[in-house]
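Be aware that the sequence shown starts at 1302, since it is given in our numbering, and climbs by one per residue. The beta-carbon is built from N, C-alpha and C at its ideal position, and this holds for glycine as well. Heads up: the structure comes next, in structure tokens.
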Amino acid sequence: MPFRSLLMLMMASKDALPPTRVITLVQSAAQSYVSTLFTESQKTKVTLNQLIDHIPAKSLTIRQESSVSSIELDIPMTGKLLFLAELYLLAVTHFYYKRTYPDLYSPIRYDLRYLESSELSELQVNSRTPQFLGQPRTALCYETLTSNSPNTHQTLYPSRVFTYSEQVAAALESYIGRDNLSIDEFCAVVGLGERTLRRHLKSEGTNFRKINR
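Pasting the structure below:
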């Protein structure tokens, strides 16, 4: 399912379900997704930096200090959907990290780019973990699992750049009855202008009909 479609489904659920059910839905969806990633990679050693290949973020940055480790995500999204995107991707990151390091404790802090505290209050998000809104990056902070030097270590993992053709093909894979999906319907689902998509696909020597055969 395209990420924007998942967020739209969560937004609809947010308007229809009790707050605690929404949080449970977000966490269950994240945990289920992480399980599929480890199933696909079970024959190889899975490391945290591989997560960037499976989530819609521009980059993943790991910072390690003497007592705190943080994982920062650069999520290319704005507006109302940003809040749900951050909650979901933070949950995915935590469950992925937990599978990689089973002894991991709960986060000691998390940062959101989203500014409106009313959204957190509305969903009755657990406030025992400090939350900081309006931050430059979406981030989770943990007590460092191993003893490191006092110096700060930072590692940046940029996401792979996919062509428009690859992105469209990947998004179409999840649709039942995709043969009947028109380009304008597809663009409405993923939130992209039809002319923009046509132009990019043309520059790559293809079109929507060829990809959707």
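In chain order, what residues of the same chain lie with their CB nearer than 6 Å to the CB of residue i, ignoring the 5 residues before and after it?
i: ALA1440; result: SER1371, GLU1373, ASP1412
i: PRO1431; result: ARG1410
By the DSSP assignment, the alpha helix (DSSP H) with residue i in it spans what residues?
i: GLN1468; result: 1465-1473
i: THR1401; result: 1381-1401
i: GLU1486; result: 1484-1491
i: ILE1512; result: 1509-1512
i: LEU1498; result: 1495-1504
Tell me the DSSP secondary structure of residue i in three-state form.
i: PRO1459; result: strand
i: LEU1308; result: helix
i: LEU1349; result: helix
i: SER1422; result: helix
i: ASP1412; result: strand
i: THR1436; result: Correcting the residue identity first, residue 1436 is Gln in this sequence and not Thr. Here GLN1436 sits in coil by DSSP.
i: LEU1338; result: helix
i: ASP1354; result: helix
Compare the Cα-Cα distances from residue i to each of the options and report the closest residue.
i: PRO1437; options: ARG1414, ASP1354, PRO1319, PRO1377; result: ARG1414
i: PRO1357; options: ALA1386, LEU1473, ALA1330; result: ALA1386
i: TYR1283; options: THR1394, GLU1417, SER1422, ASP1485; result: Given a span of 1302 to 1514 for the chain in the structure shown, any question on residue 1283 remains unanswerable.
i: MET1312; options: SER1483, LEU1424, LEU1502; result: LEU1424
i: MET1339; options: LYS1381, ASP1316, PHE1384, ARG1400; result: Checking the displayed sequence, the identity of residue 1339 turns out to be Phe instead of Met. Nearest option by C-alpha distance: ARG1400.
i: ALA1330; options: LEU1434, SER1367, TYR1397; result: TYR1397
Can you give me the start and stop residues for the beta strand (DSSP E) that residue i sits inside?
i: ALA1440; result: 1439-1444
i: ILE1372; result: 1369-1375
i: SER1360; result: 1360-1365
Considering only their Cβ atoms, is the gap separating residue j from residue i smaller than 8 Å?
i: SER1306; j: VAL1490; result: yes
i: VAL1335; j: LEU1388; result: no
i: ILE1376; j: LEU1361; result: no
i: THR1534; j: GLU1495; result: Nothing can be reported for residue 1534: it is not among the residues displayed for the chain, which extend from 1302 to 1514.
i: THR1456; j: ILE1363; result: yes
i: LEU1493; j: ASN1513; result: no
i: SER1466; j: LEU1502; result: yes
Among the residues of its own chain, which have a CB less than 7 Å from the CB of residue i, if the five just before and after it don't count?
i: SER1448; result: Note on SER1448: pLDDT 45, under 50, position unreliable in the model; no value is reported.
Report all residues from its chain with a CB closer than 8 Å to the CB of residue i; omit the five preceding and five following residues, and keep chain order.
i: THR1348; result: THR1401
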